[in-house]
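Participant:
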Amino acid sequence: MTDEMTTSVQLGARHLTRHFSVRTPGRLFAAKRIVRAVDDVSLDLVGGEVVAVVGESGSGKSVLARMLARIVTPTSGDLVLQGKPIAIKSKRTLDYASQVQLVLQDPFASMNPVHRMSHNLLRPLLIHGASKQDAPAMAEAALRRVSLEPPSRYLESYPHELSGGQLQRVSIARALCIEPKVLLADEPISMLDVSVRLGVLNLLRGLCDNDRLAILYITHDIASARYIADSIIVMYAGEVVEQSRGTTLVDEPTHPYTQLLIASVPDPSDPTRDTPPTGEHAQIEIAEKGCRFSPRCPHVMDRCREEEPPAFIVGENHTSKCWLYADHDAAVEVALPTRRKEGETATT
Amino acid sequence: MTTESVGVGDVVKRDDTTTPPTNRTSPQVVASTIPKEGAMGERILDVRDFSVDYGWGENAVRAVESVDLHLDRSKVLGIAGESGSGKSTLVYAITRLLRAPGVITSGEARFNLGSNDDGERVIDLVTASERELRSIRWSSISIVLQSALSALNPVVRVGAQFEQVLKSHRRAMSKVDRRARAAELLGLVGLNSDRLDRYPHELSGGQRQRIMIALALALDPQLVIMDEPTTALDVVTQREIIGELFELRERFGFAMIFITHDLSLLTELADEIVVMYAGALVERASARELYEAPRHPYTLGLLNSFPPMHGEHTELFGIPGSPPDLAHLPTGCRFHPRCPYAWARCANESPPLIEIEGSGRSVSCWLHVADANVAVPVELSRVSTSKASPSERAKEVSS
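Read top to bottom, the protein sequences are chains B and L. Residue 225 in the numbering used here sits at position 225 of the first sequence; the count goes up by one each step and never skips. Plus 1000 on top of the position in the second sequence (first one is 1) and you've got the numbering used here.
1) Alpha carbon to alpha carbon, what distance is there between L/L1353 and L/A1031?
2) Ignore the nearest five residues each way along the sequence and tell me which others in B/L203's own chain have a CB closer than 8 Å to its CB.
3) Should L/P1035 be labelled buried (16 or more other beta-carbon atoms within 10 Å of its own) or exposed?
4) Considering just the uninterrupted stretch of the beta strand (DSSP E) at B/D251, what are its terminal residues?
5) Where does B/T219 fall in DSSP's three states?
6) Rounded to the nearest angstrom, how far is the Cβ of L/Q1402 from that of L/L1223, given a contact under 8 Å?
7) Between which two residues does the alpha helix (DSSP H) containing B/M67 stretch?
8) How many angstroms separate the CA atom of B/D349 from the CA atom of L/P1323?
9) So which residues on chain L does B/P268 lean against when the C-beta distance must stay under 7 Å?
10) Please work out which residues of its chain come closer than 8 Å, Cβ to Cβ, to B/A282, disregarding the five sequence neighbours upstream and downstream, and give them in chain order.
11) Strictly below 8 Å CB to CB, what residues from chain L border B/D203?
12) Would L/M1212 pass as a contact of L/L1145 if the rule is Cβ separation under 8 Å?
13) Taking the C-alpha atoms as reference points, what is the distance between L/L1069 and L/N1348?
14) Per DSSP, which residues does B/F108 bridge with? Please list them.
15) Would the stretch 1182-1202 of chain L count as touching the stretch 1123-1133 of chain L if we require 3 or more Cβ pairs under 8 Å?
16) In the DSSP assignment, find the beta strand (DSSP E) that holds B/M301 and state where it starts and stops.
17) Would you say L/H1261 reaches chain B, if we count a Cβ-Cβ gap shorter than 8 Å as a contact?
18) Quick one: residues in its chain with C-beta nearer than 6 Å to the C-beta of B/R303, no 5 flanking neighbours on either side, listed in chain order?
19) Against chain L, does B/S244 count as a neighbour if the rule is that its beta carbon must be under 8 Å from one of theirs?
20) Please classify B/A109 as buried or exposed, where buried requires at least 16 other C-beta atoms within 10 Å of its C-beta.
21) Could you give the distance in angstroms between the alpha-carbon of L/D1046 and the alpha-carbon of L/D1197?
22) DSSP three-state label for B/H115, please.
23) Indicate whether at least one CB of chain B lies closer than 8 Å to the CB of L/R1249.
24) Using a Cβ cut-off of 7 Å, pull out every chain L residue sitting near B/V196, in sequence order please.
25) When you check each C-beta in the stretch 295-324 of chain B against every C-beta of chain L, which residues fall closer than 7 Å?
26) Comparing the C-beta of L/D1234 with each C-beta of chain B, is any distance below 8 Å?
27) Tell me which residues of the stretch 56-88 of chain B have at least one Cβ-Cβ distance to chain L shorter than 7 Å, keeping chain order.
28) Which whole-angstrom value describes the C-beta separation of L/S1384 and L/R1284, a residue pair presumed to lie in contact below a C-beta threshold of 8 Å?
29) Is B/S163 close to chain L? Criterion is C-beta to C-beta, closer than 8 Å.
30) CA-CA distance, B/P256 and B/C297?
31) I'd like to know whether the C-beta atoms of B/I262 and B/K61 end up nearer to each other than 8 Å.
32) Inspect the CB distances between the stretch 1228-1239 of chain L and the stretch 1058-1065 of chain L and report whether three or more fall short of 8 Å.
33) In this structure, what does DSSP give as the bridge partners for B/M138?
34) Would you mind stating whether L/S1364 and L/A1280 have Cβ atoms separated by less than 8 Å?
35) In terms of residue numbering, what span does the alpha helix (DSSP H) encompassing B/N202 cover?
36) For the pair the stretch 1260-1270 of chain L and the stretch 1067-1084 of chain L, tell me if three or more CB-CB distances fall below 8 Å.
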């Protein structure tokens, strides 16, 4: 990581953790159980880069996004916004919200259905201190940025009059109109029609390249992560199991979970391919001890059931949290690059 | 309404501007290989000129426009399309599960119940009485819906839901037998029989969907309809369920209609695929041909909307614009406002679904008619190299 890149880190997260305590449903007096929704996740969102977080439902990826947006309070961990540490337990400040914006999955649910788009777009502007005279022009400029032309037509319409793709563009415009530095996109395309998904992905990529926005792209679709991202993080059961810069992780997956995930994606370009070997599906339980993927892992060893693996370096800017790589050439037990303490220099 | 086949030439005369945009007179050219009357043979379902409206009179919106479909025994037909393309409406209407304001306005859907001593028993699902439908539903045609949580009764244990099905269709079965059959069915989809005592909310999404599949197979149907069965699931679970489904199909030999928006999934599992856009069929071809050599610009756009998992990074563009509102369809070809290859004719006349000579596949596009005065673009005239369908490949592997 060069100095230039370090300085452009817009939002950094260190050891971000969120535990929920739950009771077994229907058992009022049963002891509470801790669900580790997100465990020790560190990442850097850099201006001009897209970081993709890939995981299945329940992997904690949305909780991670909400912690970064400071809607969910982390159990522990640190957030650093543009070099300034944030007091994570305190209330989110307006200043934080003006720098970090969240776009949600369902564009129909994230717009007030009884108001025109102008209301939906002007509200954040007025809250964040734009004057009443300037706000409409700023809203129009935001709509132009997401290629909704002419903006006046969209400002006058109600949510039900627009298609899903258009609405998702409006909700991106709404997030952008106050000029944030970080955009958190939680499954922005999964509710959209297949034919308009790429348009929204290309839009996000363009915002990142042209406006140097730092984007976190959360998805369950690893192919779209490969398409858009500068670095990819794979989460399983609240933990980062594998991460790489570029698409190394998709092209040469090392963690058994990533391998399973990639083998499961429909790929018509390979007609001879058979169904991949999968773990016993009856055991989608998460191990309490050791590696969380161990009950489903085809390569499980005794050690996996006992000890939690650290992240091993498996290639350039590529780490994998799996004991299989304990004896790897670069057999140094390392922390993830992003987990490095402040001020430390790169070793890879 | 008659179901007579109309020649290609007849289409061209439709230039009267008084016809509403939901062009009801648009004729479809039916592949001549299908015998209209008489024996269906291997064909299990034959749907002709099938149209469905939502609403009546002036405000009616045509959701499905003159669709022709056919499916052979033990084959898999994939229906691909985006939301609002009419794919679910089509199968709900064929199975007569469609509720008002949905109305079947034309067509027939002949279902082959198999042969007995009197010969072949064929029933037209469109005109069948409630009583006839009752005897066919579940035992001959069953359906698996997208949302298992809303399809299963939330206040009844899983076992009792199997019980209800078996009790109403297999009167002679004893209670012990019913329980045994339910446990056997769960075993087929890889679930332990202790799941019978659970409520739906106690199970994971994948387990619920497996239970839906087990329920659908309870009475050994000849045709199973899958309406986006795996869309709400994770890819790993999806892969497992699809794998199991195909093992079951090998074993019991039922035919399948598989509906999904995920064209890349469909090309892996279907024998034949039809692509729907705004209520009409735009292309029909074998799965490999459709994937390797699409003919309709919409199919091509749809295929290019899925980022690839390997190879060079290239920028993809999907399809510009968004799907039309069915109440305000564009004139001519429904796809022309979004089509990069549209020419003069496309804006004025609606193209019929025409069989491409000698290929057994059909496309509804003015680029591919004989008298088109524009050249067919390279990407829409590729030649498919592999012809084998998934079930043929499976046969090769097993033999």
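C-beta atoms are modelled at their ideal positions from N, C-alpha and C, and glycine is treated no differently.
Facilitator: Reading from the atomic positions:
1) The predicted model places L/A1031 with a pLDDT of 37, which falls under 50 and marks its position as unreliable; any figure quoted below should be read in that light. Distance between the alpha carbons of L/A1031 and L/L1353: 9 Å.
2) V146, S147, R169 and I172
3) For L/P1035, the predicted structure reports a pLDDT of 45, less than 50, and the residue's modelled location is therefore unreliable. The matter cannot be settled from this model.
4) First-last for B/D251: T248 to D251, but that is the alpha helix (DSSP H), not the beta strand (DSSP E).
5) strand
6) Not covered by the structure: residue 1402 of chain L. The range shown for chain L is 1001 to 1399.
7) K61 to L68
8) Outside the modelled stretch of chain B, which goes from 1 to 348, sits residue 349 of chain B, for which no answer is possible.
9) S1264, T1267, E1268 and Y1291
10) Residue confidence for B/A282 is low, a pLDDT of 43 falling below 50, so the modelled location carries little weight; the figure read from the coordinates is stated next. Contacts found: none.
11) Residue identity check: residue 203 of chain B is Leu in the sequence provided, not Asp. The contacting residues do not exist; B/L203 stays about 11 Å from chain L at best.
12) yes
13) 26 Å
14) In DSSP, B/F108 forms no bridge with anything.
15) no
16) Looking at the DSSP string, B/M301 is not in any beta strand (DSSP E), and its letter there is neither H nor E.
17) yes
18) W323
19) no
20) exposed
21) 40 Å
22) coil
23) no
24) G1318 and S1322
25) none
26) yes
27) E56 and S57
28) Between L/R1284 and L/S1384 the Cβ distance is about 14 Å, and since that is not below 8 Å, they are no contact.
29) yes
30) 7 Å
31) no
32) no
33) In DSSP, B/M138 forms no bridge with anything.
34) yes
35) V194 to D211
36) yes
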